[in-house]
Amino acid sequence: MFDPAVFAARRDAYMQALGPGGVAVVRSLPERLRNGDAFHPFRQHSDVFYLTGFLEPDATLILRPGAETERVVMFVRPRDPEMEVWDGRRAGLEGAKHTYGADTAFPATELPSRMWELIANCEELHYSLGLDDQMDLMVAHAIARLRKTEKKGKRPPRCVVDPRAALHELRLHKRPEELVALRKASRITGEAHVAAMKLGRPGVFEHELEAVINYTFRKAGGSGPGYATIVGAGDNATILHYIDNRSAIADGDLVLVDAGCEYDHYTADITRTWPASGRFTAAQRKVYELVLATQQAAIALATPGATIDQLHEHCVKSLTEGMLSLGLLTGTVEDRVADQAYRKFFMHGTSHWLGLDVHDVGAYTKAGKARPLEAGMVITVEPGLYIAHDAPDVPDELRGIGVRIEDDVVITVDGNEVLTASCPKQLEELEALCSAR
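The sequence shown runs contiguously to residue 1124 in the working numbering.
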């Protein structure tokens, strides 16, 4: 966990962006039932964590930069010795103030009765509509109540503003302590991928690799996977979000693993593809070399001033040229890019933001145009080629080959840093690992 001063600085930066006429309401998402009376493990909403470090459910933060007092208000669960025996210790109201930086704190149950006064007379209410129906209703009731008191000097906000306008711009640019967490998450993730490569021989099940990956995350101090671990062998590697992970690995399969450790709430996101039998076949090698060369060139382009769109355009052109040479497409590169025929085999984007969420927040455009990359932004670079076993009109030797290679890249002042560089991806490295079992 970061020093409390880190979260205080983030709140100060956000309140400065809000201005004296703004008020922000940031709330944890509700706990979700898994089945019966068992809940999914709770994971704090990333916005709440970013601003407070508070990890408990049923928490609301209200920031009021223009207020003379009570600028930082938290609503949390109070201490309850009986419930804490069952569900764990709580920070309570005093902890919210002394540990998490609140000027004042109230029981979570009092939010409906107090929120209206805390947001009264502000110009802008920064709140994320559409995530939590119950909270949306609470905000609507607070606004309706303020409409009735306007003659008495307490009016509702003039408008509701999406947090992406300010808060998510702050989250997009990673500070040094965030990069430390991402580097640690990346290192652990690389170790987990190598553990899977060493285990993943023919006859082993995909879920066994998932188990060793997730075990490595926890053993090394991570909180677990930042998203559902993908282990796809053979034709399963051609399914982008394959998470069943229940098939046996067959001799000659390529195994695609997309997995990322979450550490201090920041997640890595690595994909590697490797030969279960220890050697790429000639056809597999051609596909892999194409994707690897495409990815390496795209990473080299990821520098300040470039755009994610430019990285993707490079990958589309490079992979389309390769598809023509492999016999997957016919015609010219220009025509196949124009009619998007390449999307039969490369159907996703090349990059996304990365941070507290695997698909992290931040606008991809500014003034209707792709925004230039800047120092402190973290992206993935992940071209792929997916040739399903039943794909029509493709060479037989290419059927059932799925390859994706993904690394995490932080943009620096003079170029970039590949956070996941320690995870092997060169053909010789992969064959050495996979044949030395």
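Note that CB positions come from ideal geometry on N, CA and C, so glycine has one too. A quick note: this is a predicted structure, and the numbers were derived from the prediction, not measured.
Label residue i either buried or exposed according to how many other C-beta atoms from any shown protein chain fall within 10 Å of its C-beta, with 16 as the threshold for buried.
| i | result |
| --- | --- |
| residue 1107 | buried |
| residue 924 | buried |
| residue 1160 | No answer is possible for residue 1160: it lies beyond the span of the chain, which begins at 688 and ends at 1124. |
| residue 1115 | exposed |
| residue 744 | buried |
| residue 703 | exposed |
| residue 967 | buried |
| residue 1034 | exposed |
| residue 1054 | exposed |
| residue 1079 | exposed |
| residue 951 | buried |
| residue 1103 | buried |
| residue 1027 | exposed |
| residue 849 | exposed |
| residue 840 | exposed |
| residue 897 | buried |
| residue 785 | exposed |
| residue 1017 | exposed |
| residue 865 | buried |
| residue 1039 | buried |
| residue 692 | exposed |
| residue 756 | exposed |
Assuming residue i and residue j form a contact by the criterion Cβ under 8 Å, report the distance between their Cβ atoms to the nearest whole angstrom.
| i | j | result |
| --- | --- | --- |
| residue 995 | residue 1073 | Residue 995 to residue 1073, Cβ: 21 Å. No contact. |
| residue 889 | residue 937 | 6 Å |
| residue 811 | residue 909 | 37 Å between Cβ atoms; not a contact. |
| residue 922 | residue 1041 | The Cβ separation is near 28 Å, so there is no contact. |
| residue 714 | residue 819 | 7 Å |
| residue 970 | residue 1088 | 7 Å |
| residue 1037 | residue 1005 | Residue 1037 to residue 1005, Cβ: 10 Å. No contact. |
| residue 842 | residue 807 | 7 Å |
| residue 741 | residue 787 | 5 Å |
| residue 1049 | residue 858 | 7 Å |
| residue 1014 | residue 1082 | 5 Å |
| residue 712 | residue 747 | 7 Å |
| residue 705 | residue 765 | Contact doesn't hold; Cβ gap of about 28 Å is too wide. |
| residue 977 | residue 1009 | 4 Å |
| residue 963 | residue 1071 | About 18 Å; that fails the 8 Å criterion. |
| residue 900 | residue 883 | 5 Å |
Roughly how many whole angstroms lie between the Cα atoms of residue i and residue j?
| i | j | result |
| --- | --- | --- |
| residue 926 | residue 1101 | 37 Å |
| residue 695 | residue 1007 | 49 Å |
| residue 949 | residue 851 | 23 Å |
| residue 855 | residue 1084 | 46 Å |
| residue 735 | residue 773 | 24 Å |
| residue 987 | residue 998 | 9 Å |
| residue 724 | residue 717 | 15 Å |
| residue 945 | residue 915 | 9 Å |
| residue 791 | residue 779 | 12 Å |
| residue 776 | residue 935 | 42 Å |
| residue 845 | residue 830 | 10 Å |
| residue 954 | residue 838 | 49 Å |
| residue 892 | residue 933 | 6 Å |
| residue 1069 | residue 1092 | 5 Å |
| residue 1094 | residue 1044 | 16 Å |
| residue 863 | residue 1105 | 15 Å |
| residue 813 | residue 1002 | 37 Å |
| residue 958 | residue 731 | 26 Å |
| residue 769 | residue 793 | 20 Å |
| residue 817 | residue 1118 | 48 Å |
| residue 1066 | residue 797 | 40 Å |
| residue 942 | residue 919 | 6 Å |
| residue 754 | residue 805 | 9 Å |
| residue 758 | residue 727 | 33 Å |
| residue 930 | residue 902 | 17 Å |
| residue 906 | residue 880 | 14 Å |
| residue 681 | residue 904 | Past the boundaries of the shown model lies residue 681; the chain is included only from 688 to 1124, so the question cannot be answered. |
| residue 1113 | residue 993 | 26 Å |
| residue 799 | residue 760 | 14 Å |
| residue 801 | residue 1111 | 54 Å |
| residue 875 | residue 868 | 11 Å |
Which partner residues of residue i appear in the DSSP bridge assignment?
| i | result |
| --- | --- |
| residue 722 | 725 |
| residue 867 | Answer by DSSP bridge pairing: none, since residue 867 is not bridged. |
| residue 660 | Lying before the first or after the last residue shown, residue 660 is absent from the chain, which here runs from 688 to 1124. |
| residue 1015 | Partner(s): none; residue 1015 has no beta bridge. |
| residue 794 | 763 |
| residue 892 | 935 |
| residue 1040 | 1066 |
Does the ligand NAD have even one heavy atom less than 7 Å from the beta-carbon of residue i?
| i | result |
| --- | --- |
| residue 798 | No copy of the ligand NAD appears in this structure; indeed no ligand is present at all. |
Which full runs of the beta strand (DSSP E) of 3+ residues lie inside the segment 1051–1119, going along the chain? Listed in chain order, they are 1065–1068, 1071–1074, 1088–1091, 1094–1099 and 1102–1105.
Please go through the segment 908–994 and give each complete beta strand (DSSP E) segment of 3 or more residues, from N-terminal end onward. Qualifying beta strand (DSSP E) stretches, in chain order: 917–920, 941–946, 948–950 and 957–962.
At 4 residues or longer, and completely inside the segment 743–789: list those alpha helix (DSSP H) runs for me, N to C. With a minimum length of 4 residues, the continuous alpha helix (DSSP H) runs that stay inside the segment 743–789 are 768–774 and 779–785.
Beta strand (DSSP E) runs contained entirely in the segment 809–868, provided each spans 3 or more residues: Secondary structure within the segment 809–868: the beta strand (DSSP E) runs of 3 or more consecutive residues, fully enclosed, are 811–813 and 846–848 (chain order).
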